[in-house]
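K.L.:
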Amino acid sequence: MPDDLFIRTNAAVDFIRAKTSLAPKVAIVLGSGLGEVAAHITEATAIPYAEIPNFPRSTVEGHSGKLLIGKFAATPVAVMQGRVHGYEGYSPAEATFPMRVLGRMGIHRIIITNAAGGINTSFTQGSLVLIRDHINLTGLNPLTGPNDDRLGQRFFDMSDAYSSRLRALAQQHSEKLETGKLNEGVYIAVPGPSYETPAEIRAFRTLGADLVGMSTVHEVIVARHMQMEVLGISCVTNMAAGVLPEKINHLEVMEIGKRVEHQLTALLNAIMPEIVR
Ligand code: HPA
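All residue numbers in the sequence shown are consecutive under numbering that gives the first Met the number 0, ending with 276.
#1: Counting C-beta neighbours from all protein chains within 10 Å, is the total for M0 16 or more, i.e. buried, or is it exposed?
#2: Less than 6 Å between C-beta atoms, sequence neighbours within five positions excluded: which residues of the same chain meet that for E183?
#3: What is the DSSP secondary structure of G34, counted as helix, strand or coil?
#4: Thinking C-beta only, is S233 closer than 7 Å to N113?
#5: Does the region 234 to 243 touch the region 166 to 175, meaning 3 or more C-beta pairs lie closer than 8 Å?
#6: Leaving aside the five residues before and after I187 along the sequence, list all residues of the same chain whose C-beta is less than 6 Å from its C-beta, in chain order.
#7: Of all the options T178, D13, F154, L127, which has the alpha carbon lying nearest to the alpha carbon of F54?
#8: One question on the structure: do G231 and Y86 come within less than 7 Å of each other, judged by their Cβ atoms?
#9: Could you check how far apart the C-beta atoms of L266 and L176 are, in whole angstroms? I think they sit under 8 Å.
#10: The alpha helix (DSSP H) spanning H261 covers which residue range?
#11: Identify the residues that DSSP records as bridge partners of A287: which are they?
And the structure:
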């Protein structure tokens, strides 16, 4: 059974390598409404997920489902334009298959972005927040089942899962940009797809969460299993349920994402040359 995953990743890696000779050093996962960064990739080879062997396909609007291999700020990158989520019916192992492929391509650093609801009332809608840590409230783990020692260790540490080096680098550059000093926070992941109730949000705040979303944590678990260095950035597309009198609206979540895309692009552009040590 563990062999399966290894062989399935090989097929995807071989397919991608046959499309481009560029060897990406950094991967970027673009979250809901944040796909625009992709427009700044030069010398891009675009590969629809549907063509890559064993890749899951995204079904949500705003996640166009393409892997771009190209250059961003002179750095060879692999950009996932869109991701799949557990609520689409994928198991955590299936949904994180692209992480496996990126890791097996020899990429050691990954920037994972997402749209999130702001639980911390000092956060503002439309701001970028660095993820400092997470709480996996999905009840699931993508590593459930036999471990393949070629991919990573059975038991491993998660205490610096969101690299303090990369967070410091992001802060240092953000201070010189429109985004200024960024807030940092703990991201709590729920399965979705329904947004939370106000009571859940109050409970999550008590648990120590600052942001809530439906992605990222399984990807980070798999990335750390493969010893990739992770930078996590949330875009606060809305204040979480019950924080403000308004209801949460998916279209607004996407719209706010669009408004901060240029800030995310500027930040990634600034840190990219230094992310590879
Ligand atoms: N809750 C969960 N996921 C989200 C939210 C939210 O409020 N906003 C964007 N993604």
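The C-beta atom is built at its ideal place from N, Cα and C for all residues, glycine as well.
P.N.:
With the given structure in hand:
#1: Taking the sequence shown and counting its residues from 1, the one referred to as residue 0 is at position 1. Any answer about M0 is weak, because its pLDDT of 43 lies below 50 and its placement is not dependable; what the coordinates show is given next. Answer is exposed; the Cβ neighbour count stays below 16.
#2: Along the sequence shown, read from residue 1 onward, the residue named residue 183 stands at position 184. Result list for E183: L129, R131, in chain order.
#3: Taking the sequence shown and counting its residues from 1, one reaches residue 34 at position 35. In this structure, G34 counts as helix in the three-state DSSP scheme.
#4: Locating residue 113 in the sequence shown gives position 114, counting from the first residue. Locating residue 233 in the sequence shown gives position 234, counting from the first residue. Yes.
#5: no
#6: Residue mapping note: residue 187 aligns to position 188 of the sequence shown, counting from 1. Excluding positions up to five away in sequence, the list reads I134, L136, F203, A208, V211.
#7: Looking up residue 54 in the sequence shown gives position 55. With distances taken between Cα atoms, F54 lies closest to D13.
#8: On the sequence shown, residue 231 is found 232 positions in, with the first residue counted as 1. On the sequence shown, residue 86 is found 87 positions in, with the first residue counted as 1. No, they are not a contact pair.
#9: In the sequence shown, residue 266 corresponds to position 267, counting from 1. In the sequence shown, residue 176 corresponds to position 177, counting from 1. Their Cβ separation, rounded to whole angstroms, is 6 Å, which keeps L266 and L176 in contact under 8 Å.
#10: Taking the sequence shown and counting its residues from 1, one reaches residue 261 at position 262. Start and end: 249 to 274.
#11: Outside the shown range of the chain, which is 0 to 276, sits residue 287, and nothing can be said about it.
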